Amino acid sequence: LFGYVGIEAVLDQMKIKTMKTGFEFNIMVVGQSGLGKSTMVNTLFKSKVSRKASQPSQEERIPKTVQLQSVTHVIEEKGVKMKLTVTDTPGFGDQINNENCWDPIIKYINEQYERYLREEILITRKRKIPDTRVHGCVYFIPPTGHWLRPLDLEFMRRLSKIVNVVPVIAKADTLTLEERAEFKQQIQADLKTHAISVYPQEDFDQDPDDRVLNDRIREKIPFAVVGADQEHQVNGKRVLGRKTKWGIIEVENPAHCEFPLLRDLLIRSHLQDLKDITHNVHYESYRVRRLNESNR
Ligand code: GDP
Ligand code: MG
861 LFGYVGIEAV LDQMKIKTMK TGFEFNIMVV GQSGLGKSTM VNTLFKSKVS
911 RKASQPSQEE RIPKTVQLQS VTHVIEEKGV KMKLTVTDTP GFGDQINNEN
961 CWDPIIKYIN EQYERYLREE ILITRKRKIP DTRVHGCVYF IPPTGHWLRP
1011 LDLEFMRRLS KIVNVVPVIA KADTLTLEER AEFKQQIQAD LKTHAISVYP
1061 QEDFDQDPDD RVLNDRIREK IPFAVVGADQ EHQVNGKRVL GRKTKWGIIE
1111 VENPAHCEFP LLRDLLIRSH LQDLKDITHN VHYESYRVRR LNESNR
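Heads up: the sequence shown runs through residues 861 to 1156, numbered per the working numbering.
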């Protein structure tokens, strides 16, 4: 009918637009204290995602996190700017009574939806609403090797209703490979039994190709990760890792742990999908809930 239209030129326009404005991506780390959350934030920024970006310079011991705290880095690659923010949270579980320990985290997540909503319903809206919404919440599971504790189940159940939850097995270097594999299967079974739907949620697969790709990821979740913020010399190369008596655990080496899978999922392969689901599913249900409330 039209002959050749040349729609693919739109791709270039989209690309140019993204290059001009850049985009925001926000991650949060959650879990009991001492599981390596703050270390993982540094690992993420020091690993290959931001080798060229400005780096956190301090090499001191990480202090105990006492409040919610966000770190932002602007990462630029091939002219595209990504503003990556990671929100670190104080660990819970120090108290004998952990009742409602999820409250401050859930409050924070909802507050970001609320902010966005307030901008969105203004008569004169900003052309681009600042986005502080949490696109991915990495939940740290203690490496007990047994099963999920009621506290972790309850926490993830609550989180999974309002945000994309990406569970990880923390400090995986404390488990043998067999223990990691067994624990992983146990966790997958526990999540299924309790109907907790973590990212990537089966309900939101777009098409059969998506399903195949995501099924492969679902088999590997939760990723068994190791964090480190120190560099070491290995075969003449500097690598990020943990030095032990027996050698160096290289966090970016897929043979050593699954940190590379976590990073690739968050920052490469599924970044846009995490943003889309946040906007179309989680934010949308917040918005509907809020507007219903105020109409009453
Ligand atoms: P947070 O309380 O969850 O923020 O935990 P931190 O990041 O402060 O780490 C607590 C302690 O665990 C520190 O001594 C870290 O060096 C150590 N640590 C962090 N990540 C790992 C890991 O992957 N494996 C091991 N064995 N220790 C870790
Ligand atoms: Mg901490």
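C-beta: ideal position from N, C-alpha, C; glycine also.
In this text the structure is predicted, and so the values were computed from the model without any measurement.
- For residue 1053, the uninterrupted alpha helix (DSSP H) run begins and ends at 1037 to 1053, by DSSP.
- In this chain, the alpha helix (DSSP H) harbouring residue 1075 covers 1068 to 1080.
- As the crow flies, the alpha-carbon of residue 1013 is around 14 Å from that of residue 1044.
- Of the residues 1121, 1038, 880, 866, the one whose Cα lies closest to the Cα of residue 937 is 880.
- Contact between the segment 1130 to 1143 and the segment 1019 to 1028 is present: 3 or more CB-CB pairs across the two stretches fall below 8 Å.
- Residue 1134 sits away from residue 1006, with the two beta carbons spaced by 7 Å or more.
- Here the segment 1029 to 1048 does not lie against the segment 1056 to 1067, with fewer than 3 beta-carbon pairs under 8 Å apart.
- Between the segment 899 to 909 and the segment 1087 to 1099 there are three or more C-beta pairs closer than 8 Å, enough to call the two in contact.
- Distances from the CB of residue 931 to the heavy atoms of the ligand GDP are all 6 Å or more.
- Contact between residue 979 and residue 989 is confirmed by a C-beta separation of about 4 Å, below the 8 Å threshold.
- Chain-ordered, the residues whose CB falls short of 7 Å from any heavy atom of the ligand GDP come out as 891, 893, 894, 895, 896, 897, 898, 899, 900, 922, 924, 925, 948, 951, 1000, 1030, 1031, 1032, 1033, 1034, 1085, 1086, 1087, 1088, 1102.
- DSSP, read as helix, strand or coil, puts residue 870 in helix.
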